[in-house]
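Report on the following structure.
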Amino acid sequence: MAAIPPVLKGLISNMAELKGRHSDFISGPCQNQSGRSQSEAGSVDSKYGFLGPFPYLQDYKNPCWLPEGSAQVLCVPYFYLIGAPKAGSTGVFWRIKGHPHVTSGRAKEVRWFDRQRFPLETGSPAAMPRFEDYLDFFKRPTSYIQAATIRSKNGTLYHHRVIADGSPTYYFSSFHWRLVPGNEGCDEPRVTAMSHIHRLWPRAKLVLVLRNPVTRLFSTYLYNTYLPGFNATAAQFDLWVKKSMETWFRCVGGASFRHCMYEKQVIFDSAISTFAAGIYSRYVLDLLKLFPRKQIHFVHLESYSTDIRGSLRDIFSFLDLPALTEDALAKVSKKDEKTRNRGRNYAAVPEMWPSTRKLLEHFYAPYNKELSAILDGDPRWLWAEAA
């Protein structure tokens, strides 16, 4: 078992000081620590500005509108499952979609707000640079919504179905923020992916599935086992954790906490790319500066896993969807093939070393405490059972 490197041990000892440097900056005038003027920031692209809101139709539950001079109704999602990756969000999403009033695009994830709209930055062959591409992703569910109606209390027809976007990276993955208008000259983003979702549909409902950040990170590592030739070991995971920590502390030692949360170089340099995504409380604080608490539903994965039916009832209620019968709920709650992880040979992978677990628990503990405090002191978010 490898010892903690002295340099990392020193950084961890200073964690209490470093974690307090989180900036409250998310709106208002640019917090310019670099000394650059907004006119000097030449990387911002005007095509990445805000979109919407549009004149949404009152007889649709989902945000849909009819462009002037067009006969084609257009729709954007009613709710977003915004995270977290490797936290069971896929299973939660497909079960939510089992509700007869819920539909989605061609796949669970589109990741348009944080990734696919930036083709030159991502180099993705599946890039969708235009807003029209995002709308086209939901073309089929839009037709479903348009065709399905119920009779409202006043006797008029009402389009009751809703669209979901299940991209589990939206809450943390605003790594291309420097291209976005409003962030000129900034050292940390004023405008994030979630800012654009809020502008497009201010009443959007958000579902955030969170898992013990330690086991979530280990699951992220194990996901690599689907790659040919990758052999996961406890020793390698320990090494990758320490490299990721070193990258994180190197950043927060010279920049604001929020800068590092959204800094793509931290992702590139971290051995496990979503290491910082487990600092849930700080991303939640940013969410709450945009959306009221009543529009965010937090799913505690460990609790969900022991009571899927009860959790789904709560989710459907939050989404303002009709309650399902017990038979229908039982059918939706059954495990589906789509919810299974792509990783292989998980049983052959040893448990992480106790020393690695202790290191990660020590790192994430302050933010778990913050999250618990944010969520009314609920002790579940401490994940104390893992201590």
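For the sequence shown, the UniProt record's numbering gives the first residue as 1, with consecutive numbering after it. Cβ coordinates follow ideal geometry from the N, Cα and C atoms, glycine included.
### Message
Quick check on residue 174: does DSSP put it in helix, strand or coil?
### Response
coil
### Query
Between which two residues does the beta strand (DSSP E) carrying residue 101 extend?
Counting along the chain, residue 101 falls outside any beta strand (DSSP E), and DSSP gives it neither H nor E.
### Query
With respect to the beta strand (DSSP E) encompassing residue 310, which residues constitute its N-terminal and C-terminal limits?
It is not in any beta strand (DSSP E) - residue 310 instead sits in the alpha helix (DSSP H) that spans 308–318.
#### Entry: C-beta contact flag for residue 260 and residue 234 at 8 Å
no
### Query
residue 39: buried (16+ other C-beta within 10 angstroms of its C-beta) or exposed?
For residue 39, the predicted structure reports a pLDDT of 38, less than 50, and the residue's modelled location is therefore unreliable. The matter cannot be settled from this model.
### Query
Expressed to the nearest angstrom, what Euclidean distance is found between the alpha-carbon atoms of residue 326 and residue 308?
12 Å
### Message
Closest to residue 119 by C-alpha separation, out of 179, 265 and 68, would be which residue?
### Response
179
### Query
Tell me, which residues are paired with residue 151 by DSSP?
157
### Query
Taking C-beta to C-beta, are residue 283 and residue 172 nearer than 8 Å?
yes
### Query
Is the Cβ-Cβ distance between residue 207 and residue 79 less than 8 Å?
yes
### Task
Look at the alpha carbon of residue 251 and the alpha carbon of residue 266, and state the distance between them as a whole number of angstroms.
7 Å
### Query
Since residue 65 sits in a beta bridge, which residues does DSSP pair it with?
Its beta-bridge partners are 74.
### Task
Starting from the C-beta of residue 357, find all residues in its chain whose C-beta is less than 7 Å away, skip the five residues before and the five after it, and write them out in chain order.
214
### Where the beta strand (DSSP E) through residue 80 begins and ends
79–83
### Message
Just to confirm the assignment: which complete alpha helix (DSSP H) runs, minimum length 4, are found wholly within the UniProt domain "Sulfotransferase" (202–335)?
### Response
213–222, 234–252, 257–261, 264–269, 280–288, 301–306, 308–318 and 326–333
#### Entry: Proximity of residue 211 and residue 87 at Cβ, strictly below 8 Å
yes
### Message
Does residue 56 come out as helix, strand or coil in the three-state DSSP assignment?
### Response
Three-state DSSP puts residue 56 in coil, outside helix and strand.
### Query
What residues in its chain sit with their C-beta under 8 Å from that of residue 115, if we drop five residues either side in the sequence?
So the qualifying residues of the chain are 122, 124, 169, 173 and 176.
### Message
Alpha carbons only, please: which of 146, 167 and 189 is nearest the one belonging to residue 157?
### Response
146
#### Entry: Coil, strand or helix - residue 165 by DSSP
Shown here, residue 165 sits in a strand according to DSSP, grouped into three states.
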